[in-house]
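Peer 1: Below are the structure tokens for one structure; questions will follow.
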Amino acid sequence: MRERDPRIVLGLHRSRYERRILTSALELGVDAIDTSFNYHGFSAHTALAAAGRGLLPRFRLSTKVGFFPADGQAEHSLDPDRLREAVEQSNRDLGRAPDLVFLHNPERSLTGSSAAVQDSLGTACAAVERAAAEGLCGGWGISSWDPRPLPGLVDGTLPRPDAVMVRAGLLAGIDALEASEALAARWDLKPAHLWGMSPFGGSATQPLWGKLDPRVFIQEPHDGLSAVQATFRAAYWLPLVGRIAVGTDSPSHLGKLVDALRYEANADNLCTYRRLLREQRDPQPL
Ligand SMILES: NC(=O)c1ccc[n+]([C@@H]2O[C@H](COP(=O)([O-])OP(=O)(O)OC[C@H]3O[C@@H](n4cnc5c(N)ncnc54)[C@H](OP(=O)(O)O)[C@@H]3O)[C@@H](O)[C@H]2O)c1
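Numbering-wise (the working numbering), the sequence shown opens with residue 162 and increments by one.
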């Protein structure tokens, strides 16, 4: 049994919801899991409660609300009553209150004038904040795949979340990185409250990983560190986050990710990478 390390959150987006990965996670010191109301065809919570019978109290558990079933599909909504119902149903299906409930990709429903958009986001935040105050979850947050519209909406009127989760890593893209940092700055969120997600962009077998050696972003010596491990570790600095939600069904893959945590960043090369991304987006006139 390894010592607990809060920096890895086992993300269940693509999970088969098997007990084996849950028991292995605990053995590896990973005791945080992240799921969502809509994962696994809207059955993630019941699947997790079944696979994790007797284990769930040992995990820090986060989930998300924002997508709802509609005619066999998923539709997004920030309607406060629907959000509240989803949090209540999550409690019933999980058999316990989640430690954290994220508003899931709120940007998906932010359309209209800036006043309307701010009102809609503020009302949705207040709904999950109230659910937390009433004990339906330990805290609340925002999980955003595309945070670009969000920093401009944060003023003194918007409730401050306990955590924000954003895309992290070499594939996140400079716009998402800068928006995430701006959002964290607006709320004065320290890295402990900023989570990364999807460090491989959903797949660790993308052709890019055969062309770029991500070990350049890790301080030497890094003998024995694989490209996959380096990609994962580098994601903690793009942007600077305290923990990362990463998906795997494989105990040995999870073990490799845990092993990668002992390596440190090559700050100069990460800085250069960010500069190159910026230059590619904003080419200088000749
Ligand atoms: N908007 C949102 O709120 C949002 C969106 C996306 C993701 N997320 C969160 O982020 C979590 C992770 O995202 P994700 O699953 O989309 O992407 P990801 O973590 O970037 O990639 C998952 C893939 O990486 C592979 N992998 C992991 N560790 C590996 C290793 N050591 N060696 C080889 N392959 C490895 C896994 O395959 P194996 O199973 O074979 O290991 C899996 O196919 C989600 O579960 C969710 O919690 C949130």
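Don't be surprised by glycine CBs; every beta carbon is placed ideally from N, CA and C.
Are there any heavy atoms of ligand 1 lying less than 7 Å away from the beta-carbon of residue 199, as far as the coordinates show?
Peer 2: Not so, every heavy atom of ligand 1 lies at least 7 Å from the Cβ.
Peer 1: DSSP three-state call for residue 222: helix, strand or coil?
Peer 2: The answer is strand: DSSP assigns residue 222 an E or B state.
Peer 1: Mind checking whether residue 359 and residue 400 have CB atoms under 8 Å apart?
Peer 2: Contact: no.
Peer 1: Quick check: what's the CA-CA separation for residue 250 versus residue 320?
Peer 2: C-alpha separation (whole angstroms): 23 Å.
Peer 1: Are the C-beta of residue 382 and some C-beta of chain B separated by less than 8 Å?
Peer 2: Given the protein chain composition of this structure (a single chain), no chain B is represented.
Peer 1: Heavy atom of ligand 1 less than 7 Å from the Cβ of residue 383, yes or no?
Peer 2: It does not: the Cβ of residue 383 is nowhere closer than 7 Å to a heavy atom of ligand 1.
Peer 1: With 16 other CB atoms within 10 Å as the buried threshold, where does residue 288 fall?
Peer 2: Residue 288 comes out buried.
Peer 1: So if DSSP puts residue 344 in a beta bridge, which residue, or which two residues, is it bridged to?
Peer 2: Answer by DSSP bridge pairing: none, since residue 344 is not bridged.
Peer 1: Grouping DSSP H, G and I as helix and E and B as strand, with all else coil, what is residue 354?
Peer 2: Helix at residue 354.
Peer 1: Could you say if the segment 385-399 and the segment 174-182 meet the contact criterion of at least three C-beta pairs nearer than 8 Å?
Peer 2: Contact between the segment 385-399 and the segment 174-182 is absent, because fewer than three Cβ pairs lie under 8 Å.
Peer 1: Specify the secondary structure class of residue 183 as computed by DSSP and reduced to three states.
Peer 2: Three-state result, residue 183: helix.
Peer 1: Go ahead and label residue 384 buried or exposed: buried means 16 or more other beta carbons lie within 10 angstroms of its beta carbon, across all protein chains shown.
Peer 2: Exposed, because fewer than 16 other Cβ atoms sit within 10 Å of the Cβ of residue 384.
Peer 1: Closer than 6 Å by C-beta to residue 255: which residues in its own chain qualify, once you throw out the five before and the five after it? Chain order, please.
Peer 2: Cβ neighbours of residue 255 beyond the five flanking positions: 206 and 210.
Peer 1: By how many angstroms is the C-alpha of residue 325 removed from the C-alpha of residue 337?
Peer 2: Going from the Cα of residue 337 to the Cα of residue 325 covers about 13 Å.
Peer 1: Give the list of continuous beta strand (DSSP E) stretches no shorter than 3 residues that lie fully inside the segment 223-305.
Peer 2: Whole beta strand (DSSP E) segments, 3+ residues: 228-231, 234-237, 261-265 and 301-305.
Peer 1: Does the structure place the segment 411-422 close enough to the segment 293-312 that three or more beta carbon pairs sit under 8 Å?
Peer 2: Contact fails: fewer than three Cβ-Cβ distances are below 8 Å.
Peer 1: Using 10 angstroms around the beta-carbon of residue 286, count the other beta-carbons present and answer buried if the total reaches 16, otherwise exposed.
Peer 2: By the neighbour-count rule (16 or more Cβ atoms within 10 Å), residue 286 is buried.
Peer 1: Quick check: what's the CA-CA separation for residue 367 versus residue 237?
Peer 2: Taking the straight line from one Cα to the other gives about 29 Å.
Peer 1: So residue 228 and residue 201 are in contact, right, with Cβ under 8 Å, and what is the actual spacing, rounded?
Peer 2: Between residue 201 and residue 228 the Cβ distance is about 12 Å, and since that is not below 8 Å, they are no contact.
Peer 1: In this structure, does DSSP put residue 330 in helix, strand or coil?
Peer 2: Three-state result, residue 330: coil.
Peer 1: Counting C-beta neighbours from all protein chains within 10 Å, is the total for residue 373 16 or more, i.e. buried, or is it exposed?
Peer 2: Label assigned to residue 373: exposed.
Peer 1: Less than 8 Å between the C-beta atoms of residue 261 and residue 323, yes or no?
Peer 2: The answer is yes: Cβ separation under 8 Å.
Peer 1: Out of 215, 334, 203 and 357, state which residue places its alpha-carbon closest to the alpha-carbon of residue 167.
Peer 2: Among 215, 334, 203 and 357, the Cα nearest to that of residue 167 belongs to 357.
Peer 1: Would you give the residue range spanned by the beta strand (DSSP E) that residue 371 belongs to?
Peer 2: Not the beta strand (DSSP E): residue 371 falls in the alpha helix (DSSP H), residues 369-372.
Peer 1: Please state whether DSSP places residue 314 in a helix, a strand or coil.
Peer 2: Residue state, collapsed to three classes: helix.
Peer 1: Given residue 362, which residues of its chain have a CB within under 6 Å of its CB, disregarding the five upstream and five downstream residues?
Peer 2: Closer than 6 Å at the Cβ level, and outside the excluded window around residue 362, lie 332.
Peer 1: Return the chain-ordered list of same chain residues with a C-beta closer than 6 Å to the C-beta of residue 213, the five sequence neighbours on each side being excluded.
Peer 2: Closer than 6 Å at the Cβ level, and outside the excluded window around residue 213, lie 183.
Peer 1: So what does DSSP say about residue 323, is it helix, strand or coil?
Peer 2: Looking at residue 323 - three-state DSSP - the assignment turns out to be coil, as it is neither helix nor strand.
Peer 1: When burial is assigned at 16 or more other CB atoms within 10 Å of the CB, is residue 445 buried or exposed?
Peer 2: Counting Cβ neighbours within 10 Å, residue 445 comes out exposed, since fewer than 16 surround it.
Peer 1: Mind reading off the beta-carbon distance from residue 379 to residue 391? Whole number of angstroms is fine, and I expect it under 8 Å.
Peer 2: Confirmed, about 5 Å.
Peer 1: Going straight from the alpha carbon of residue 225 to that of residue 410, what length do you get?
Peer 2: Spanning the two alpha carbons is a distance of roughly 20 Å.
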